[in-house]
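Protein chains in written order, with our numbering: chain A, 3 to 89; chain B, 844 to 1452.
All C-beta atoms, glycine included, are put in the ideal place defined by N, C-alpha and C.
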Amino acid sequence: MSTEAANREIHWKRTRSLMIVHMIIWFIFSYVVHWYATDLNAITFNHFPLGYYMAAQGSLIIFVVQLFVFSWQQHKIDVECGMAEPE
Amino acid sequence: MSLFRMQGSFIDNLPKIYTFYTGGFLLFVGLMAIAESMGVKEDTIGLMFVGFTIFIYALIGWLSRTMQLDAYYVAGRQVPTVFNGMATAADWMSGASFVAMAGGIYMGGHPYLAFVVGWTGGYVLVAVLMAPYLRKFGCYTVPDFIGTRYGGNFARLCAVLVLVIASFTYVTAQIDATGTIASRALLIPYGVGVWFGLVGILLCSMLGGMRAVTWTQVAQYIVLIVAYLVPVIWMSNKQGFGVIPHLVYGEAIQRIAELEQMHQVGVLKPAASQGVMTALTTLHNAPADSFVAAWRFVTLVACMMIGTASLPHILMRYFTTPSVRSARASVAWSLFFIFLLYFTAPALATFTKLQVLDPNLATSVIGKSLAEVNALQWVQKWSSVGFAKVVDSNGDGIVQINEFFMRADIVVLATPEIAGLPYVISGLVAAGGMAAAMSTADGLLLAIANALSHDLYYKIIDPKADVKRRLIVARVLLIAIGAAGALVASMRLTGILGAVAWAFDFAMSGLFFPLVLGIWWKRANQAGAIAGMLVGLAAGTWYLYAVKWGGMTPWWGMDDLRFGIVGAAASVVAMVVVTLLTPAPDKATQDMVDEVRIPKGQTILGTTH
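In structure tokens, the structure reads:
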């Protein structure tokens, strides 16, 4: 197998793993925390009931940060595997 | 644009141009404030706000006119990351986000926050699963991807069908919103307002296609975010919650819980229904306490998220960036700009509720005497247009929680008046709502017209058409679809939010799995994709009909807003089963998928195709 083909394979494997990690984070903050909102409300965070906070702000902040991190991580994979676009 | 000397290209000067624009807009707001203090009438100020901003958008639209294919379809693929983020945010945030969301949270409490979570988290799917790959593909439209990846005109046609159904459902709601705002600001009948709004929308998009829509959307984002944030920050400052209210309104939520008990929210029910106006009967922070209620929350979140990642007018914004890397980063910026509004909406709902409920505040309504409430200027004004109503059903002369009715939309539109802010802020809010509805309508109309002109006309009907003919057809279609949308909107078939949620459900039913699996599953083939689109669309539509009009009991509480769950489930099953029963796609298609998965190298489709 040529280096290029091998690099492509590694690139896709790492890309797929990164996708799975981010989908798990996404799943937790989209569904799991809101499923338990009533329980979380027993906890107070910065004067907010935590269940409410997660739906009104918490999950949103996680998503924004997550996307900037994802963008950086995926670019790193592209560069390391020699798959990035020329600058 | 010759107002200042430009060094370098237009793109290099964007930060300067939009800083200048923002400064000019703030100056305009200041001038209006001075005009108000000098006694200019409220109606005139409202008219100036809406008229002036539409004039600016139309000017940008005219300056961005083009006769080049890639400029018309994908803005020449040179929109910088952050600016594309702003344009996407305006494209995304519709009249519903701007006008209806805070009011929905006010009336609906925690369950309604499903929209806040759903309309942001969908971008994770866009960034991780879709946008960078579609950018690498180099398509002009979403059906362009389906048609090339799976091959065949029939697959392309199915994608066009889903796109038109989803986007058209959505665009009528936006034209309706522009009509409502225009009629109120310009003091014209609603029927005229709808057509006036349409003219404004077309001025932004017709001459310059995607390029014009991009630069007007950036301008519209700036107006809408200023218009949303200024009143909330002002109000919070006035109430002593500080400059960044988002961090500190936790105390307000706890205070509301005490007040709800005092006013017996949820215990007292209205004596008679008042149509679209409702009394507050839901607690501010009472999350699901049963399996079905929790299920309803997460299914609504899922529909809005998966719908986000399937709506063509959003996906096509990422076709305009210079590179795959910038498409990816641009999704993050889009979400950041959207986040600024969405994490403000619950704060706005909370503050407004506090104003109305808290007897310690001068603005309170509940618990006051009937005479006092009826003397409030904003209650009089909004009662006269049928947005608010006080009914003393128990005849004790005091306004109880179940005797004060309002339309949810009022929370954003009337908040400046409720809090006693100057009228100039109300004018600003009207301009913001107009910007939100217009920018979304523009993106949607362009998505539909481009799919019909590129995929249906050029790719299927007349592949020999030259550039000039293609661009003329694109514009004629734009006008025709806009007119059809305005016609449907003027018949006022459904409320703004109902139709908006349906658009997400239609899109996810037909397009989500064919798009995702086209990138992530090399084995996916034409027959599977066609089955996925048609079965998904049919199953979703059937469920919508059965639940909404057919009298069927919803499955596990999934009402008509959630029919996409049924559609998408049917879609994935049909697509996987049919794909596995039919032969794998040929080597060339599989190689194409490999190419799409890496950022470097040529796009699959040429720059002009």
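Close to chain A, meaning a Cβ-Cβ distance shorter than 7 Å, are the following residues of the stretch 1165-1182 of chain B: S1166, V1167, R1168, R1171, A1172, V1174, A1175, L1178, F1179, F1182. In its chain, beyond the 5 residues on either side, W1399, G1400 have a beta carbon closer than 8 Å to the beta carbon of V1135 (chain B). At a cut-off of 9 Å between beta-carbon atoms, E87 (chain A) makes contact with chain B.
Counting only unbroken stretches of 3 or more residues, no beta strand (DSSP E) element lies wholly within the stretch 1071-1097 of chain B. At least one C-beta of chain B is nearer than 9 Å to the C-beta of I63 (chain A). Residues of the same chain with a CB within less than 6 Å of the CB of A1344 (chain B), apart from the 5 flanking positions on each side, are L1404 in chain order. Sequence-distant partners of V969 (chain B) (beyond 5 residues in either direction) whose C-beta falls short of 6 Å from its own C-beta, in its chain, are A1152, V1174. P986 (chain B) and G889 (chain B) have their C-alpha atoms roughly 41 Å apart.
For the stretch 52-80 of chain A, the residues whose beta carbon sits under 8 Å from a beta carbon of chain B are, in order, G53, Y54, Y55, A57, A58, Q59, S61, L62, I63, F65, V66, Q68, L69, F70, F72, S73, Q76, H77, D80. Interface residue (Cβ-Cβ distance to chain B less than 9 Å): T40 (chain A) is classified as such. Within 10 angstroms of the beta-carbon of A930 (chain B) lie 16 or more other beta-carbons, which makes it buried. Less than 9 Å separates the beta-carbon of V1421 (chain B) from that of A1374 (chain B). With respect to the C-alpha of Q1243 (chain B), the residue from B:G1325, B:K1112, B:P1265, B:R1139 having the closest C-alpha is B:K1112. S1207 (chain B) sits close to Q1198 (chain B), with the two beta carbons spaced by under 9 Å.
The C-beta distance from L1178 (chain B) to V66 (chain A) rounds to 5 Å, short enough to fall under 8 Å. Among the bridge pairs identified by DSSP, T46 (chain A) is matched with A:P51. Beyond the five residues adjoining it in sequence on each side, D886 (chain B) comes within less than 8 Å, by CB distance, of L1030 in the same chain, given in chain order.
In terms of CA proximity to A1308 (chain B), B:L912 leads the group B:A943, B:L912, B:R908. W37 (chain A) and A1131 (chain B) have their alpha carbons spaced roughly 8 Å apart.
In the three-state scheme derived from DSSP, where H, G and I count as helix and E and B as strand, K1232 (chain B) is classed as strand.
Between G1093 (chain B) and the set B:A1367, B:P1189, B:G1229, B:C1001, the nearest pair of CA atoms involves B:P1189.
Under DSSP, the beta-bridge partners assigned to I1241 (chain B) are B:S1212. Remark: three or more beta-carbon pairs, one from each stretch, lie closer than 8 Å, so the stretch 990-997 of chain B and the stretch 1432-1448 of chain B are flagged as touching. For D1437 (chain B), the nearest beta carbon of chain A is closer than 9 Å to its own beta carbon. For P975 (chain B), same chain residues with a beta-carbon under 6 Å away, outside a window of 5 residues either side, are V1167, A1170, R1171 in chain order.
Contact residues of the stretch 1110-1142 of chain B toward chain A are N1128, P1130, A1131, D1132, A1137, F1140, V1141 (C-beta to C-beta distance below 7 Å).
For a Cβ distance threshold of 9 Å, nothing in chain B lies close to S4 (chain A): the least Cβ distance comes to about 14 Å. Spatial neighbours of Q1369 (chain B) in its own chain (CB-CB distance under 6 Å, excluding positions within 5 residues in sequence) are listed in chain order as Y993, G994, G995, A998. In the assembly as shown, P1074 (chain B) is a buried residue. Its beta-carbon has 16 or more other beta-carbons within 10 Å. Look at S32 (chain A): its C-beta is under 9 Å from a C-beta on chain B. Residue nearest to S19 (chain A) within the set B:V925, B:V971, B:G873 is B:V971 (criterion: CA-CA distance).
Taking C-beta separations shorter than 8 Å and ignoring five residues to either side along the sequence, the partners of F1248 (chain B) in its chain run P1113, Q1117, M1120, T1121, A1122, A1231, K1232, V1233, V1234, following chain order. At least one beta carbon of chain A lies nearer than 9 Å to the beta carbon of R1440 (chain B). If you draw a 10 Å sphere on the C-beta of N48 (chain A), you find fewer than 16 other C-beta atoms in it, and that means exposed. In terms of CA proximity to V1042 (chain B), B:T1021 leads the group B:G947, B:T1021, B:V1061. One alpha carbon belongs to V967 (chain B), the other to S880 (chain B), and they sit about 46 Å apart.
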